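Structure first, then comments.
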Amino acid sequence: MSIHVLGIRHHGPGSARNVNAFLEQHHPDIILVEGPPEGDELLRWSAHSQLKPPIAILAYRPDEPQQAVFYPFAEFSPEWQAIKFGASRNIPVRFMDLPLVHKFALERKEEKQEPGESQLSSNAVHTAEAKADIYHDPLLYLAEAAGFDDGERWWEYMVEHRLDSTGIAEAVHEAMQALREELPEREDRPDKYREAYMRKMIRQAEKDGYTSIAVICGAWHAPVLVNMPKQKDDNDLLKGLAKVKVETTWIPWTYNRLTFASGYGAGIQSPGWYDHVWHYPHDDGTMWMAKVARLFREKQMDTSTAHIIEAVRLAGALAALRGLSKAGLEELNEATLAVLCNGDSILLQLLREQLIVSDTIGQVPHEVPKPPLLQDVERLQKRLRLPAEAGIKELTLDLREATALERSIFLHRLLLIDIAWAHKTQVRSKGTFKEQWQLKWEPEFSIRIIEKGNWGNTLEEAAASYIAHQTKEASSLRVVCDLLEKVIPADLPQAVEVLIAQINNLAAATNDVVQLLEALPALVSVSRYGNVRQTDEALVLGIVNSMIARVCVSLPAACVGIDDDSAATMTEHIYKLHESITLLNQETQRAEWYTTLGIICDHQHTSPVVGGYSTRVLADAKVLEGDILINRFHAALSRSGNIAEAASWLEGFLKGSGTILIIDERLWSLVDQWVYQLNEADFIAMLPILRRTFSQFTHAERRKIGEKAKKGDGSIALPLQDATTETIDHERGRKALSVVAQLLGIERR
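All residue numbers for the sequence shown refer to our numbering, where the first residue is 690 and numbers rise by one.
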């Protein structure tokens, strides 16, 4: 009977080589690996050609999917190499960690614990915090003794870069034993449960008749699996642990999610580098620097062979100065910074993203059992050729093509169930038949999909049911209309019917014109998909027309006697509604809208900014023009001598564009003279409003307006009612007559 315990780093190429070498030498009868026993059934897939790391075991509670955990494996993970070794030689492999049926139950018990039960005395809290600091990185003690300031870096040089594994297992075991003896006892109940269950699994393997047992576990646990306490003590500790139901499956993982920065407790700093070390253990830095050079050249950065040679030599020299057997990542990065980046550390960020971490993602066979909704999503990903990728992928869809339309529907349905794998970006085309998407897959999306599985077994069913639930819970007309805007491109006719019914009910029950104004733009934009998505516009146009008619009746009164903030909000609502009515392009409706704006303009108590913008809309539509517009403009700027009201009216009139001041000389003259006539105190008081108004214009508009103001010729053109014969320069007029006659082709007599 022989039990061999190998303490390893969970994701380390050197540890993985050591495990392989040990297993090749001893050929055990059974291999026990630190991991959840619920995953034993998944191990039968380890020999499948399409199961390619990085991957992870996803374990979750089917009744509460949000309580879940991932167990990742990279190709250079010692546990994965042990699993692959067993599969290739028909050696049984078992996971031996504390079952998740107990672990999840313990976590849930801690969450539900009464506040009084979890309170500690002040001394106990400080003691617990001190121990937590000690155990955050126990390897730091060994690292400092060896002259390193980081435990991870020490382990990398001592273990992961070592090519000769002779005696390494014994050395690791001795070091961990010394640490456990010297450090204060760790009051970590879950860890005690875990180690007790690991010993139980070793005893069970002995009981099952295996005579050569290989145990692959985290280095910290190795000493207590060799020096076992009495079996009764472990049994008493594990007796009566609560249980919950747990299910498991394989999912793709990414190198980015293997890092400490991702929040992974057993993470590493440089999975891309470790992948390189695993595949090229004898590299002196040359092959790594060749990868760096290739990356820089792809980014249009000049990198010569001489650069690479010099960087490798510099990295080797740094390693020698530090007493290291070979250059590691730190030395190679410093050499890259000095030789290839000319000291610019920003370029190292590119290197980190593309090589040191990398965006590698694993692969899982479609036949692996999964919850129905997750299986349906993966089936659609495969059929639509939209694989889950760790890097950012740009996708342009022409909705006139059948496949592109299906892809769009699929992505929109995922968004409806809060799976933000894809984000819509701004498309440069003016039409509505193109969509631009940016895709980036994250492993946690799998658990979110599983969480939504209670709404349906297919994506279409789950999205429709989830939207129906949100519709029922919504009490705001704007929320329901926003939902409808999101649902239309997802092609869910049943959900559309539910939403429209709710919109009808809420619209009929509200007398608040602001609610109607908030809801209408989203509702109107639905019509944009009418032709491309074969959507029946009649489903929504009836409601839209009814709501706009109600707005036209109620809006004038809502613009009277409101404060500045409400006026600004109302102006924005009118601006969006005008865009919507323009989009609908219905002549009768447009005429009714212009009549409403006319009423708003004519009411003497209408908020100035609202009245100004309403006048501008009518001016752009040629409803108000010529002398009528000039007279109204002049009257507004001389509103009973109230300078503040005049400035607010002007702000509303010029909202969005100042082009009208550039092309209409008479309006420009009015504004120019109005500003010129302000006394210093009034001008200073009005300056914030005027500055806010003109800041909305484009750079070109502001430049042209500035040029006009600089010329100072606004006083030439006066409003009609102020014009007199005394202000006309007849002599200048006679001089211009000949030129005008020539331009018009008239023979002058």
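By construction, the Cβ of each residue, glycine as well, lies at the ideal position given by its N, Cα and C atoms.
Given the structure is predicted, the values throughout are model-derived calculations rather than measurements.
The way I'd put it, the stretch 1249–1258 does touch the stretch 1291–1310; three or more beta-carbon pairs between them come closer than 8 Å. Uninterrupted beta strand (DSSP E) stretches at least 3 residues long and entirely within the stretch 742–771 occur at 744–750 and 753–762, given in chain order.
In the DSSP secondary-structure assignment, Gln1366 is not bridged to any residue. Counting only runs of 3 or more residues that sit fully inside the stretch 1261–1324, no beta strand (DSSP E) segment turns up.
Taken in chain order, the complete alpha helix (DSSP H) segments of 4 or more residues contained in the stretch 976–1025 are 994–1010 and 1018–1024. For Val758, the CB contacts under 6 Å within the same chain, skipping 5 residues up- and downstream, are Ala748 in chain order. In the three-state DSSP reduction, His693 falls in the strand class (E or B). Listed in chain order, the non-local C-beta contacts of Ala1184 below 7 Å within the same chain comprise Ala1153, Ile1156, Ala1157 and Val1176, local neighbours out to five positions each way being set aside. Burial state of His791 is buried, judged by a 10 Å Cβ sphere holding 16 or more other Cβ atoms.
Here Trp1363 is near Leu1326, since their CB atoms are less than 8 Å apart. In chain order, Phe1342 place their CB closer than 6 Å to the CB of Arg1305, counting only its own chain and leaving out the 5 sequence neighbours on each side. Going by beta carbons, Thr943 and Ile1106 fall outside the 8 Å limit. Counting every other CB atom within 10 Å of its CB across the protein chains shown gives Pro1245 a total of 16 or more, marking it as buried.
Looking at the backbone, the Cα of Asp853 and that of His971 are separated by about 12 Å. Here DSSP, grouped into helix, strand and coil, assigns His1112 to strand. The continuous alpha helix (DSSP H) containing Trp1338 extends over residues Ile1332 to Phe1342. Taking a contact as a CB-CB distance under 8 Å, the pair Ile746 and Val1053 does not count as one, their CB atoms being some 11 Å apart.
Taking the CA atoms as reference points, Phe793 sits about 18 Å from Arg1137. Across the structure, Asn1234 and Val1213 are spaced so that their CA atoms are roughly 10 Å apart. The beta-carbon distance between Lys988 and Leu1039, rounded to whole angstroms, is 7 Å. This is short enough to meet the 8 Å contact definition.
Around the beta carbon of His1388, a 10 Å sphere encloses fewer than 16 other beta carbons of the protein chains shown; the residue is thus reported as exposed. Between the stretch 1132–1146 and the stretch 1162–1182 there are fewer than three C-beta pairs closer than 8 Å, too few to call the two in contact. Taking Leu1272 as reference, the option from Glu1261, Ala1211 and Ala1308 with the minimal CA-CA separation is Ala1211.
When Arg1423, Lys934, Val861 and Phe1322 are compared, the shortest CA-CA separation from Ala908 is found for Val861. Following the DSSP letters along the chain, one finds Val782 inside the beta strand (DSSP E) bounded by residues Val782 to Phe784. In the structure shown, Ser901 falls within a strand segment according to DSSP collapsed to helix, strand and coil.
Looking only at Ile1251, Val935, Ala894 and Ile1035, the smallest Cα-Cα distance to Pro725 is reached by Val935. Among the bridge pairs identified by DSSP, Leu1084 is matched with Trp1126. DSSP, read as helix, strand or coil, puts Pro970 in coil. Leaving aside the five residues that flank Val1001 on each side, the residues in its chain whose CB is nearer than 6 Å to its CB run, in chain order, Gly974, Thr975 and Met978. When C-alpha distances from His1267 are compared across Lys741, His715, Gln1366 and Tyr1302, the shortest belongs to Tyr1302.
A contact is defined here as three or more CB-CB pairs under 8 Å, and the stretch 724–741 meets this definition with respect to the stretch 774–782. Look at Cys1241 here: in three-state DSSP terms it is helix. Beta bridge pairing from DSSP links Val722 with Phe784 and Ile905. Residues Thr938, Ser1135, Ile1138, Ile1139 and Gly1142 of the same chain have their beta carbon placed closer than 8 Å to that of Leu1063, with the five preceding and five following residues left out of the count.
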